[in-house]
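Colleague: My questions all concern the structure below.
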Amino acid sequence: MGNLTFTMIKPRAVEQGFTGEIIQQITAAGFKIKAMKMTLLSKHDAERFYAVHAERPFFGSLVSFMSSGPIVAMMLEKDNAIADFRKLIGATDPSKAEEGTIRKKYAESVESNAVHGSDSDENAMIESNFFFADREKF
Ligand code: UDP
Ligand code: MG
């Protein structure tokens, strides 16, 4: 297993002022921040980032949501990063997320579920490279 993952704090969580608390929970869990930026996705950017979901019924709404306000993107390092980060954030649907997980605490719906987490080593690299140039990775 690789030791890198990629996350975004999604627009509503940023808008609601949860960025600091979420970063605190991530670093307290042992993740090291390798790259970080606040940025606004265009609709086209969000379509590219979520292209794997293009045929899903929620795609249009997800793209609108993800481009509705700034996000905070991070590349993170930890042993067993992908699985440990998915455990830290909890289930996609916050009503099914375990107590104490980031989604349980900060999500407001399945769509607006506070944070993204990569699902594989390969996607962690693709998603990190989507946001960060080599000179922005430390
Ligand atoms: N999503 C949604 N409705 C659904 C399933 C997913 O709006 O029924 C959104 C949600 O924001 C989720 C994202 O699409 O985080 C990507 O879905 P995926 O199944 O990859 O979930 P994740 O990997 O984020 O847990
Ligand atoms: Mg996913």
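If you use numbering that gives the first Met the number 0, the sequence shown corresponds to residues 0 to 137, in order.
Here a beta-carbon is modelled for each residue, glycine too, at the ideal position from N, C-alpha and C.
Give the single residue among 69, 121 and 49 whose Cα lies nearest to the Cα of residue 60.
Modeller: Measuring from the Cα of residue 60, the nearest candidate turns out to be 49.
Colleague: If I'm right that residue 129 touches residue 33 with Cβ under 8 angstroms, what's the distance once you round it to whole angstroms?
Modeller: That pair is no contact at about 15 angstroms.
Colleague: Please check the pair residue 71 and residue 18, which I expect to be a contact at CB under 8 angstroms, by giving their CB distance rounded to whole angstroms.
Modeller: That belief holds up - the Cβ atoms of residue 71 and residue 18 are roughly 6 angstroms apart, short of 8 angstroms.
Colleague: Is there contact here, the region 2 to 13 with the region 102 to 116, by at least three beta-carbon pairs under 8 angstroms?
Modeller: Touching, yes.
Colleague: For residue 89, is the classification buried or exposed, using 16 other Cβ atoms within 10 angstroms of its Cβ as the cut-off for buried?
Modeller: Residue 89 is buried by the Cβ-count criterion.
Colleague: Which word fits residue 134, buried or exposed, when buried means at least 16 other C-beta atoms lie within 10 angstroms of its C-beta?
Modeller: Exposed, since its Cβ has fewer than 16 Cβ neighbours within 10 Å.
Colleague: Could you give the distance in angstroms between the alpha-carbon of residue 23 and the alpha-carbon of residue 127?
Modeller: When rounded, the distance between both Cα atoms is 20 angstroms.
Colleague: List the endpoints of the continuous alpha helix (DSSP H) containing residue 12.
Modeller: Unbroken alpha helix (DSSP H) run through residue 12: 10 to 14.
Colleague: Residues in the same chain with beta-carbon distance under 6 angstroms from residue 0, minus the five sequence neighbours each way, listed in chain order, please.
Modeller: For residue 0, where only same-chain residues beyond five positions count, the Cβ hits under 6 angstroms are 79.
Colleague: According to DSSP, what are the bridge partners of residue 72?
Modeller: DSSP lists 7 and 36 as partners of residue 72.
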